[in-house]
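Peer 1: From first to last, the protein sequence lines are chains U and P. Everything in the first sequence is counted per the working numbering, starting at 16 for the first residue and increasing by one. Everything in the second sequence is counted per the working numbering, starting at 44 for the first residue and increasing by one.
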Amino acid sequence: MATISGEWPHGGPDRIGPPTGGLYPGIGLISAAALGYEILLMRLFSIAHWQHFAYIIISLALLGYGVSGTLITLVRERTAMRPVVWLSANALLFGMTLLPGYVLAMRVPFNGLEIVWNLDQIGWLALLYSLLAIPFLCAANCVGGALAIYPAHAPRVYGWDLAGAGMGVIAVVAAMVWFPPQWALKGVAIAGIAAGAYLWRPWRPGIGATGVVLCVGISLVPGMWLSPVVSEFKSLPRTLNIKGANIGFESFSPWGMLTAVENPEIPFRHAPGMSLATVNEPPAQVAVFTDGDGMTTITRYDGSREPLRHLEQLPSSLPYALLDKPDVLVLGAGGGTDVLQALFYDARHVDAVELNPRMSELVRYGYREFSGRIYERPDVKVHIAEARAFLRENERRYDLIQIALLDSFGSSSSGTRALDENYLYTVEAFQDYLWHLNDHGIVAVTRWLKLPQRDSLKLIATARAALEETGASFPESHLAVIRGWQTVTLLISRRPWLTSDLERIRHFADTRRFDLAWLPGMRAEEANRYNRISRPTLHDNARALLEGNAESLLGAYKFDISPSTDDRPYFSNFFRWRLLPELLELREQGALVLLDSGYLVLVAALAQAIPLAIVLILLPLLLLHRRQRSGVENVRTGLYFLLLGLAFMFIEMAYLQRFVMYTGHPVFAAASVLGSFLVFAGLGSVTASRLHAATAELGISAIVPVASVIALLGLIDAAVLPWLFTIGMSAPFGIKLLIGVLAVSPLAFAMGMPFPLGMIRLAEVSPDFIPWAWGINGCASVLGTLAAPLLAIHLGFNTVIVVAAALYMAAALVPWGRFQNGPAVHPTS
Amino acid sequence: MLIQSAIRIGAIALATLLLPAQVSGRNNEAEYTEMRREMVSDLKRYTRRFGDESGSPTLSDDVWASLETVPRHHFVPANEQDYAYENRPLPIGYGQTISQPYIVALMTDLARADKDDVVLEIGTGSGYQAAVFSRIARHVYTMEIVEPLAEAAEERLRKLGYTNITTRSGDGYYGWPEHAPYDVILVTAASTSIPPPLITQLKPGGRMVIPVGEVFFTQQLLLLEKDAEGKVTTQHILPVRFVPLTGEH
Numbered sequence: 016m017a018t019i020s021g022e023w024p025h026g027g028p029d030r031i032g033p034p035t036g037g038l039y040p041g042i043g044l045i046s047a048a049a050l051g052y053e054i055l056l057m058r059l060f061s062i063a064h065w066q067h068f069a070y071i072i073i074s075l076a077l078l079g080y081g082v083s084g085t086l087i088t089l090v091r092e093r094t095a096m097r098p099v100v101w102l103s104a105n106a107l108l109f110g111m112t113l114l115p116g117y118v119l120a121m122r123v124p125f126n127g128l129e130i131v132w133n134l135d136q137i138g139w140l141a142l143l144y145s146l147l148a149i150p151f152l153c154a155a156n157c158v159g160g161a162l163a164i165y166p167a168h169a170p171r172v173y174g175w176d177l178a179g180a181g182m183g184v185i186a187v188v189a190a191m192v193w194f195p196p197q198w199a200l201k202g203v204a205i206a207g208i209a210a211g212a213y214l215w216r217p218w219r220p221g222i223g224a225t226g227v228v229l230c231v232g233i234s235l236v237p238g239m240w241l242s243p244v245v246s247e248f249k250s251l252p253r254t255l256n257i258k259g260a261n262i263g264f265e266s267f268s269p270w271g272m273l274t275a276v277e278n279p280e281i282p283f284r285h286a287p288g289m290s291l292a293t294v295n296e297p298p299a300q301v302a303v304f305t306d307g308d309g310m311t312t313i314t315r316y317d318g319s320r321e322p323l324r325h326l327e328q329l330p331s332s333l334p335y336a337l338l339d340k341p342d343v344l345v346l347g348a349g350g351g352t353d354v355l356q357a358l359f360y361d362a363r364h365v366d367a368v369e370l371n372p373r374m375s376e377l378v379r380y381g382y383r384e385f386s387g388r389i390y391e392r393p394d395v396k397v398h399i400a401e402a403r404a405f406l407r408e409n410e411r412r413y414d415l416i417q418i419a420l421l422d423s424f425g426s427s428s429s430g431t432r433a434l435d436e437n438y439l440y441t442v443e444a445f446q447d448y449l450w451h452l453n454d455h456g457i458v459a460v461t462r463w464l465k466l467p468q469r470d471s472l473k474l475i476a477t478a479r480a481a482l483e484e485t486g487a488s489f490p491e492s493h494l495a496v497i498r499g500w501q502t503v504t505l506l507i508s509r510r511p512w513l514t515s516d517l518e519r520i521r522h523f524a525d526t527r528r529f530d531l532a533w534l535p536g537m538r539a540e541e542a543n544r545y546n547r548i549s550r551p552t553l554h555d556n557a558r559a560l561l562e563g564n565a566e567s568l569l570g571a572y573k574f575d576i577s578p579s580t581d582d583r584p585y586f587s588n589f590f591r592w593r594l595l596p597e598l599l600e601l602r603e604q605g606a607l608v609l610l611d612s613g614y615l616v617l618v619a620a621l622a623q624a625i626p627l628a629i630v631l632i633l634l635p636l637l638l639l640h641r642r643q644r645s646g647v648e649n650v651r652t653g654l655y656f657l658l659l660g661l662a663f664m665f666i667e668m669a670y671l672q673r674f675v676m677y678t679g680h681p682v683f684a685a686a687s688v689l690g691s692f693l694v695f696a697g698l699g700s701v702t703a704s705r706l707h708a709a710t711a712e713l714g715i716s717a718i719v720p721v722a723s724v725i726a727l728l729g730l731i732d733a734a735v736l737p738w739l740f741t742i743g744m745s746a747p748f749g750i751k752l753l754i755g756v757l758a759v760s761p762l763a764f765a766m767g768m769p770f771p772l773g774m775i776r777l778a779e780v781s782p783d784f785i786p787w788a789w790g791i792n793g794c795a796s797v798l799g800t801l802a803a804p805l806l807a808i809h810l811g812f813n814t815v816i817v818v819a820a821a822l823y824m825a826a827a828l829v830p831w832g833r834f835q836n837g838p839a840v841h842p843t844s
Numbered sequence: 044m045l046i047q048s049a050i051r052i053g054a055i056a057l058a059t060l061l062l063p064a065q066v067s068g069r070n071n072e073a074e075y076t077e078m079r080r081e082m083v084s085d086l087k088r089y090t091r092r093f094g095d096e097s098g099s100p101t102l103s104d105d106v107w108a109s110l111e112t113v114p115r116h117h118f119v120p121a122n123e124q125d126y127a128y129e130n131r132p133l134p135i136g137y138g139q140t141i142s143q144p145y146i147v148a149l150m151t152d153l154a155r156a157d158k159d160d161v162v163l164e165i166g167t168g169s170g171y172q173a174a175v176f177s178r179i180a181r182h183v184y185t186m187e188i189v190e191p192l193a194e195a196a197e198e199r200l201r202k203l204g205y206t207n208i209t210t211r212s213g214d215g216y217y218g219w220p221e222h223a224p225y226d227v228i229l230v231t232a233a234s235t236s237i238p239p240p241l242i243t244q245l246k247p248g249g250r251m252v253i254p255v256g257e258v259f260f261t262q263q264l265l266l267l268e269k270d271a272e273g274k275v276t277t278q279h280i281l282p283v284r285f286v287p288l289t290g291e292h
């Protein structure tokens, strides 16, 4: 085995001595704090802005990890002289800069909605993520510094870094159940300070006292300074501007910030798509916002039917014209409007599924009398679950499955949901719904009407695909679509429609002046009568999808209206690149609002991240030029760490997606996937270190078998996990989670090895390049985080896993590490 | 070194934060008039083919004349005045925006108001749309639910000398029955339902125009027409000349 000290300045680590016992827990703590900070930022900026902007802002801020590679390279010699100061100071700086950076960033006047009109917003965006990047830079300096200072111990440092990060995710998600995220933010800052004080060895009382003073200072920061500053263009602040509006209830949880707004002076009258032929006024309502947007309402109900007459005039009441006293399943119960509608129509029983337990508590306890205790009735049962998970766990069949308008019109029309994974509107979801219907049962889905049509067409295409999968010979005879001035309602019948059904649908639509868009056997002149759309009408397109050449329409349509699947669950993304030139040409007419900006913003973020990453990767090389490694060797080494970083993130992101449906909520998915991936990868890294120490032979040569194992496990998981999840789905939550965690642990364990194996080799041949490799890993993580959803939108998450497996294999086959002290250990030799 | 860097970043951030305030509001009235003329000239170009959608060959001369007269820069905050004649929506405070001039032109044209008409507007905002209508119609009644916006608009319109506009702060749901029926009703405030009282207050043969979308994102214009028997039909109008199918299909 090669000696490690050869390349060190000033005597290298031999002079510095081995790391103190405090190093590893200190690294674990700062990494836990850094990942906790990331999760909290995601939560807080989802409240302040919109989720996809939050995702992009935080992804780019993580480039702080890339910057640290350059910085450590620059100051490496001085760092090695005073390792304790470097490690401790950076951890302390993390804790000290976190709150000021966050407070300033919250006040940057970035308005994502204006980005298509005003390119100045990109400048604000850059300022925003620069401010948030500073604490990440400090944390990365600490961990990367430890790798650089103690290269022989890199695998253990990396192992503690990963395991600490994993524990940080779990701790922060748990903390958010009981505390508002802004409080948890203080906890994360204090953890950073504690790590800084702990890393200072030998420990001195002065350091402890300084740490205590800083922690007290942080804990005294007024909570209102840290409250998220909600964009004035979100629904909640705009509602609160109305005279008489006041917040009746507010709660923070991992499920989101829930705010109930009352207005006794000017009541809410939320009645999406209500017929223009009615004179009925909805009764008073309380508006409930999630993360300042996505409004649902709680309607006043005193047990009498008369005030609820407006419910008859909503397009969503169509299925009740066909069913008598049905058994109803409401998916996305929210404030209970659809439950109320079912009760209005004398439903025998209503199962109401709601994701957010706080929402149900709000109706049940906060507005108990106001809501008429609808969630406490014997004929109503509320289930807190993710809709698909609920269906997989239950075998009950229903007469009606009602899928409410879950997103607000605002977020739907502005395209801010384009990147949201949505498992309610996939082919597999529709198959699940159909399976849970009685023989005469109906699925009813209502969506906002978007022009040019895209939601409605994708819905029809998805329903058709699901019916075909379930063996329906004539899918078109199971479908009905009506359209009002604002919404589209799709009905899917388990059996083909009867003539009497068709008559009732026609009567329902005519009396409310809704248009028929699809009904088996309907005449063209029956469409587009009351709410006219210039050609091609929804009916023409529906006919093409159901009776014509669907493939031709799907290919020719300028928006992506192909069916959404569990593997590509991006129902709200309609973007196709061919749209861009035409809409750019029409931008003065406001055409860019048709772009469903989420996708393009992601592309724009990647376009910013790539050049930044290139600079951050090349800059240290210029600083290290004198080390006289060949350019080819640098490219190979860089490629190795870049591919590893990308592959790691791709697999992590793909698993995150899979776990959303399995665990029932994105928050549990994040906690279980990130937590278990990072902890087990950390264990893998430490194990690699121990094996290396024990055998003295395990080095870069082990990467080929390790990468092969990762690729194999990834591919096996892709095939086996759906089956395993089906088994685990009906288990109690704890067992279910355990099955999930155990399922990913072997893969995560193996994924923890390639990076430290590379580090071991790098420590042998060119220890000066360790910070560089660390920086590359940081940049690759950012690029991977942004590229994975793009890849998934086009090719699906299974492909993301296959690509990740290929990247691991490619990394293993990159020939590097032949230079300097050690013998050439070509992976393939 | 890190502390120095942090201070430097802080200084840059502060300078950037202050920058927009320094560069605004530097034009005089003559320059604004010229900018307005150029804006209208550009808008005429954009709307050339819009007639295919709306059923009228071009937008009415009255609409263009009004847009050329109403000083949009007085209807936007001081720090946005330099952008007043760009064809884009602008924030006006309280989470509201002033619509893109192109959309204002289309909505005004769709309403087909004339000099004898009485117009009701729900959602005054800064008062710009009401000012544009006031040059065409006999009288404009406009209501705003956000009190400070209503007060500011009233003051602004009074100062600018619009005598045929009456403003009121309050809930637009019930309309303004004292002056009903209306020839034209414009509902610029976002809503998930069209209030039945507004349809009642629309004259038979009257037209209601509703921009559908969200702040910064007008996706379509909804034209509601009430026939002589009081029955209503709507027409969805896309403000963009865009066909979602490729030519070969």
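Beta carbons are placed, not taken as given, at the ideal position from N, Cα and C, and that holds for glycine.
#1: Between S84 (chain P) and chain C, is any beta-carbon pair separated by less than 9 Å?
#2: Grouping DSSP H, G and I as helix and E and B as strand, with all else coil, what is E320 (chain P)?
#3: Report buried or exposed for D361 (chain U), applying the criterion of at least 16 other Cβ atoms within 10 angstroms of its Cβ.
#4: Enumerate in chain order the residues of its own chain whose CB-to-CB distance from Y545 (chain U) is below 6 Å, with the five nearest sequence positions on each side excluded.
#5: State the start and end residues of the unbroken beta strand (DSSP E) segment that holds L192 (chain P).
#6: Identify which residue in U:A807, U:M272, U:W215, U:P217 has its Cα closest to the Cα of N588 (chain U).
#7: Would you mind telling me which residues of chain U sit closer than 7 Å to D214 (chain P), beta carbon to beta carbon, in chain order?
#8: Between I72 (chain U) and V187 (chain U), how many whole angstroms is the CB-CB distance? I'm expecting something under 8 Å.
#9: Give a yes or no on whether the C-beta atoms belonging to L149 (chain P) and I237 (chain P) are separated by under 9 Å.
#10: Suppose contacts are defined by Cβ-Cβ distances below 9 Å. Is S375 (chain U) in contact with Y316 (chain U) by that definition?
#11: So if DSSP puts G136 (chain P) in a beta bridge, which residue, or which two residues, is it bridged to?
#12: Thinking C-alpha only, which one of P:L133, P:D160, P:D157, P:A154 is nearest I130 (chain U)?
#13: Could you say which of U:T526, U:R510, U:I548, U:R547 lies nearest to P535 (chain U) if we only look at CA atoms?
#14: Which chain P residues are close to P252 (chain U), counting only those with a beta carbon under 7 Å from its beta carbon?
#15: Pick helix, strand or coil for Y205 (chain P), following the three-state DSSP scheme.
#16: Would you mind giving the Cβ-Cβ distance between L344 (chain U) and Y438 (chain U), rounded to the nearest angstrom? I have them listed as a contact below 8 Å.
#17: Using the beta-carbon count (16 or more within 10 Å), is W215 (chain U) buried or exposed?
#18: Would W850 (chain U) be called buried (16 or more neighbouring beta carbons within 10 Å of its own) or exposed?
#19: Could you tell me which of U:F359, U:T225, U:L338, U:R776 sits nearest to E321 (chain U), measuring between CA atoms?
#20: When you measure from the CB of T261 (chain P) to every non-hydrogen atom of the ligand FAD, does any distance come out below 8 Å?
#21: To the nearest whole angstrom, what separates the beta carbons of M310 (chain U) and S246 (chain U), a pair I think is in contact under 8 Å?
#22: Under 6 Å Cβ to Cβ from L200 (chain P), same chain only, skipping five residues before and after it: list those, please.
#23: Taking the Cβ atom as the reference point for each residue, do A348 (chain U) and A419 (chain U) lie within a distance shorter than 9 Å?
#24: Got a sec, what are the start and stop residues for the beta strand (DSSP E) I418 (chain U) sits in?
#25: Can a CB atom of chain P be found closer than 9 Å to the CB of E597 (chain U)?
#26: What residues in the segment 315–333 of chain U bring their beta carbon closer than 7 Å to a beta carbon of chain P?
#27: Buried or exposed for T18 (chain U), please, with buried defined as at least 16 other CB atoms from any protein chain shown within 10 angstroms of its CB.
#28: For a cutoff of 9 Å on Cβ pairs, would you count Q501 (chain U) as touching chain P?
#29: So the candidates are P:Q262, P:R155, P:T235; which of them puts its Cα closest to the Cα of D105 (chain P)?
#30: Does the distance from the C-beta atom of L44 (chain U) to that of L102 (chain U) stay below 9 Å?
#31: Output yes if chain P places a C-beta closer than 9 Å to the C-beta of V608 (chain U); else output no.
#32: How far does the alpha helix (DSSP H) with D339 (chain U) in it extend, from its first residue to its last?
Peer 2: For this structure:
#1: Reference to chain C is not applicable here, since the protein chains of this structure are U and P.
#2: Missing from the structure shown is residue 320 (chain P); chain P here goes from 44 to 292 and no further.
#3: exposed
#4: R528, D530
#5: Element bounds for L192 (chain P): not the beta strand (DSSP E) but the alpha helix (DSSP H), 190–202.
#6: U:A807
#7: I281
#8: The Cβ separation is near 18 Å, so there is no contact.
#9: no
#10: no
#11: P:Q139
#12: P:L133
#13: U:R510
#14: G138
#15: coil
#16: That belief does not hold up - the Cβ atoms of L344 (chain U) and Y438 (chain U) are roughly 16 Å apart, past 8 Å.
#17: buried
#18: With chain U covering only 16 through 844, there is no way to say anything about residue 850 (chain U).
#19: U:F359
#20: Although the ligand FAD was asked about, the structure shown includes no ligands whatsoever.
#21: Not quite, the Cβ-Cβ distance comes to about 15 Å (not below 8 Å), so this is no contact.
#22: G170, I208
#23: yes
#24: 413–418
#25: yes
#26: none
#27: Confidence in T18 (chain U) is poor, its pLDDT being 30 and thus under 50, which makes the residue's placement too unreliable to answer from.
#28: yes
#29: P:R155
#30: no
#31: yes
#32: Here D339 (chain U) belongs to no alpha helix (DSSP H), and DSSP marks it neither H nor E.
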